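Per this note's numbering, residue 436 is the first one in the sequence shown, and the count goes up by one each step.
The C-beta atom is built at its ideal place from N, Cα and C for all residues, glycine as well.
Here the structure is a predicted model, which means the values were calculated and not measured.
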Amino acid sequence: MRGGSGRTGGRTARDRDRRVLSQNFLADPEAVALVVAATGRHDLVLEPGAGEGVLTRALARTCGQVVGYEIDPLLAGKLAARTSGGGRVRVVRGDFLAARAPREPFAVAGNIPYAITSKIVDWCLRAPALTSATLVTQLEYARKRTGDFGRWSMLTVLTWPWYRWELAGRIGREAFRPVPAVDSAILRIERRAATPGRAVPGEAVPGTAGPRETAGPGLPGYRDFVEYGFTGLGGCLHATLRLRYPADRVEAAFTAAGVDPGTVVAHVHPDRWRVLYEHLHG
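Shown next as structure tokens:
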């Protein structure tokens, strides 16, 4: 609650806003350069949470146009004033999650609010014209999604035929102001050049929270296959699949995929899921 002095318990209203909006700004030029390098060159980049514009202006030096979304009206106004007249930066005062995805190819890059990481990732996976997303996230989240713990999440497996997930670098907490309680990482999600059963506008890529679809003619039923495998009904993946498919076909599929029958479901590499699926649905 805002008081007349703007202070409560020694903290200003702006301090409280920063906590609510997960505002930890990149302040280290080397960290900014790492994000820009991981992003690459694009004609159009959308930036969630542009903040003070340090990353925005750096992206604009290598990309055609950067559209920075900032929900904090004070920060959005300052950034718009700083970048006016340049032509390569457009500032949108509003919520990135409410934005309509462009129809032309575009990339997403940003030091995103960690509290809504999953929602931003889902937005990106839903966008048919997205080519890549380069996101500064909590280190733990990036490691979980990219298999860096030696385990693979269901979301990664579900989207793997369409997207490559990569841990593109680590950023220490000292690179931010104010300094957060955790380290961060650069998570890169890149659409594969050949995407079987590519989702059409209005549909969600398998694994996202949206309209359920079969993943198109390339991999019909792939989502259902992965979700069933992750139920763990039989203990390990091999035992679970034997509850649905003939035992001899499961044995042949695991042999073709080079997966030990006793492998825990989360330890099966996403590439191997594709082989298992094709052998059991061929």
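Within the model, the alpha-carbon separation for R605 versus V543 is close to 18 angstroms. Counting the other Cβ atoms within 10 Å of the Cβ of R538 gives fewer than 16, which makes it exposed. Leaving aside the five residues that flank T497 on each side, the residues in its chain whose CB is nearer than 7 angstroms to its CB run, in chain order, V471 and R476. As for any beta strand (DSSP E) of minimum length 3 sitting wholly inside the segment 463 to 541, the runs are 479 to 483, 500 to 505 and 524 to 528, ordered along the chain.
In this structure, A485 sits near E505, with a CB-CB distance shorter than 8 angstroms. As DSSP reads the structure, S619 sits in a beta bridge with Q573 and I606. Just so you know, the alpha carbons of V592 and G664 end up roughly 11 angstroms apart. Look at the beta carbons and you see the segment 569 to 581 not touching the segment 691 to 708: under three pairs across the two are nearer than 8 angstroms. When DSSP states are grouped into helix, strand and coil, Y598 belongs to the strand group. A550 counts as exposed, since fewer than 16 other C-beta atoms from the protein chains shown sit within 10 angstroms of its C-beta.
Residue environment analysis places G717 among the exposed positions, since fewer than 16 neighbouring C-beta atoms fall within 10 angstroms of its C-beta.
W558 and A533 have their alpha carbons spaced roughly 9 angstroms apart. Taking A495 as the centre and dropping the five residues before and after it, the same chain places the C-beta of V501, T518, G521, R523 and V524 closer than 8 angstroms to its C-beta, in chain order.
For L560, the enclosing alpha helix (DSSP H) begins and ends at T552 to R561. Ranking R684, A628 and V614 by CA distance to the CA of Q458 puts V614 first. About 7 angstroms separates the CB atoms of F541 and T566; that is less than 8 angstroms, so the two are in contact. Approximately 16 angstroms separates the beta-carbon atoms of L509 and V489; this is outside 8 angstroms, ruling out the contact. For a cut-off of 8 angstroms, the C-beta gap from V685 to H673 is around 7 angstroms, short enough to register as a contact.
Within the segment 656 to 694, the alpha helix (DSSP H) runs of at least 4 residues that lie entirely inside it are, in chain order, 657 to 664, 672 to 677 and 682 to 692.
Boundaries of the alpha helix (DSSP H) harbouring D706: P705 to H716, taken from the DSSP string.
When the Cα atoms are used, T552 and A691 turn out to be separated by approximately 36 angstroms. A residue is called buried when at least 16 other Cβ atoms come within 10 angstroms of its Cβ; T675 meets this threshold and is buried. Note: F460 is bridge-paired with R612 in the DSSP secondary-structure output. In the same chain as A515, and ignoring 5 residues on each side of it, the C-beta atoms closer than 7 angstroms to its own belong to V526, in chain order.
Using a Cβ distance threshold of 8 angstroms, R623 and E601 count as a contacting pair.
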